[in-house]
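Shown next, in structure tokens, is the structure this report addresses.
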Amino acid sequence: MHNSENMKIKNEINKIGSIEIYKLVQKYGTPLYVYDSKNISLNYKKIYNSFLSKYNKLQLCYSVKVNNNLAILKYIHNLGAGFDCSSKGEIYLAKKTGKAFISYVGNYNSNEELKYALDKTVDNFILDDISILDRLKNFDINKKTSFGFRINADLDIKDDSGIQLSGPNSKFGISEKHIIAAYKKLKNLGVQKFSIHMMIGSNIVNPFYFKAVAEKLMTIIKIIKENLNIEIDFIDIGGGFGIAYNDKSKDLNIERTAKEVTDTIKKYVKKYNLKEPILIIEPGRYILGHSGYLLGKIHSIKKEVKKYVGTDISINSILRIPLFKAQHEVSVHRLNNLQNKTERVNLCGQICWDGDILRKDIKLPILNIGDIIVLHDVGAYGFCHSNQFNTRTRPTEILISNGKSYLIRERERLTEFDRLVKIPDFLNQEYRGFEE
Ligand SMILES: Cc1ncc(COP(=O)(O)O)c(C=O)c1O
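Numbering (the working numbering), first residue to last: 3 to 438.
Shown next, in the form of structure tokens:
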């Protein structure tokens, strides 16, 4: 029996994208990442149209690191996106979607990766350090590619929800004092198209942070023009467009953000007679965050001093819980015993680590073995951080589109654990004892 007809109680969920949750679990097993394509496309349109309606020189580059499933990349590419890639692997996947605009924003790059990015003729190449220019001399540089630097400006972002990625303690970008020397060197290298990049925070819900970023970059663009007579073709304000994990109404006001950013760009262009740059935005979390769910089954319930409800969603499947002390909203889908009572429990996974707690002391409807747990808002930085700690397989992934579910990553098999392992010959011979 399942509870799809049951009265709604808080935390109870029956369907995702019009499909019954118990059917998804029956078909694909758990743990299971479920992405709702309608949500992805709504979020995409919201951010894209907010900026485009105010500034038509726009390039949206979805940030591949956030969720790199190729089916998701293809879906987002079909909506019109290019990609922000930070590694050889991400460029490889982005290229598989077809002809996409690629902005490569790497750091501490190996020569092999630099060469790969150049050979694949990415459209925009952001350098994290001036020293990389000396190494670029050894490679062919495509005249169509724009080059620029990631700037580390120590702006006070004043946003408690966010993650700061700049300032003296950040590993990213070049400081303001090096900018003129850096762009001069770039010009001397024969570069003909220029860009500039700054991303100093993630999950920011304050529109004025983005205005501050645009203002800082436009000031620098003016200084570069005055000193080097270089016009900047692309202004890249990175990602960082924040969502509120437990209250969608508190997500970043994207209309306001787009207005602040584009007004700032237009103001500087007019005032200082600058070339109107193409604006690159690199959203990730904003598009995928609210679009993903993680489903798990309850396998064991223990009552000691506290009640522990044990599910097969362990923190190896959702590392952002211990990593960022993330609190994901939890819903349940109960299959039996539908009494309308709640209790406080610790919801935990199966990993041998005390930190494997999904939610501490959470009030949930009374649960039984076999019931299903749903974590919300896990579409971004969810699966990509998953791992095989405790020799547990990673979750399966599915995409829901127009009322149908599609498998987009198979369940890993046990052979995954030794697939790439090589056993040295001497271990195949029968031997005993210690090495001399
Ligand atoms: C260079 C760059 N661009 C874009 C993003 C995506 O950020 P968000 O998911 O906050 O939009 C990141 C995330 O770390 C990043 O490093």
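For each residue, glycine too, the CB sits at the ideal point set by N, CA and C.
With 16 other Cβ atoms within 10 Å as the buried cut-off, status of residue i
i	result
Y77	buried
F436	exposed
G175	buried
S6	Confidence at S6 is low in this model, with a pLDDT of 40, below 50, so its placement is unreliable and the value that follows should be read with caution. Answer is exposed; the Cβ neighbour count stays below 16.
L325	exposed
K250	exposed
D420	exposed
K10	Residue placement at K10 is poorly supported in this model, since its pLDDT is 48, which falls under 50; the coordinates still yield a value, given next. Exposed, since its Cβ has fewer than 16 Cβ neighbours within 10 Å.
G100	exposed
I402	buried
R152	buried
G357	exposed
M3	The predicted position of M3 is uncertain, since its pLDDT is 42 and thus under 50; a value taken from the coordinates is nonetheless stated next. Looking at its Cβ environment, which holds fewer than 16 other Cβ atoms inside 10 Å, M3 is exposed.
L429	exposed
I425	exposed
T417	exposed
Residue i beta carbon near ligand 1 (any heavy atom closer than 7 Å)
i	result
N338	no
Y288	yes
V107	yes
K48	no
S197	no
V334	no
F243	yes
K1	The requested residue 1 is not part of the displayed model; the chain covers only 3 to 438.
E115	no
S88	yes
E92	no
N1	Outside the shown range of the chain, which is 3 to 438, sits residue 1, and nothing can be said about it.
P279	no
P33	no
E418	no
P324	no
G84	no
E412	no
Contact under 8 Å by Cβ, residue i with residue j
i	j	result
I323	I353	no
S204	L167	yes
R336	P367	yes
D130	N144	no
G31	T344	no
I364	L349	yes
E92	K122	no
Y383	H330	no
V311	I320	no
N229	I283	no
H199	G150	yes
K97	E278	no
Y35	V380	yes
D238	V207	no
F236	I280	yes
I134	N111	yes
T393	E414	no
K186	T147	no
I315	P33	yes
L116	D142	no
L276	I223	yes
Cβ separation of residue i and residue j, assumed to be a contact under 8 Å, to the nearest whole Å
i	j	result
Y118	K90	5 Å
G405	I23	With a Cβ gap of about 14 Å, G405 and I23 do not count as contacting.
I234	I225	With a Cβ gap of about 11 Å, I234 and I225 do not count as contacting.
N16	V334	Rounded, the Cβ-Cβ distance is 10 Å, inconsistent with contact.
D156	P170	7 Å
Touching or not, the region 124-133 and the region 96-111, by the rule of three or more beta carbon pairs under 8 Å? yes
For the region 236-246 against the region 272-292, do three or more pairs of beta-carbon atoms, one drawn from each stretch, fall closer than 8 Å, so that the two count as touching? yes
Is there contact here, the region 401-414 with the region 70-85, by at least three beta-carbon pairs under 8 Å? yes
Report yes or no: do three or more beta-carbon pairs, one from the region 181-193 and one from the region 130-138, lie closer than 8 Å? Verdict: yes, contact present.
Do the region 39-56 and the region 256-263 make contact, defined as three or more Cβ pairs closer than 8 Å? A contact between stretches requires three or more CB pairs, one per stretch, nearer than 8 Å, and the region 39-56 meets this requirement with the region 256-263.
Touch test, the region 373-384 against the region 293-307, Cβ-Cβ under 8 Å, three pairs minimum: Enough Cβ pairs lie closer than 8 Å, so yes.
Meets three-Cβ-pair contact criterion under 8 Å: the region 42-49 and the region 261-273: no
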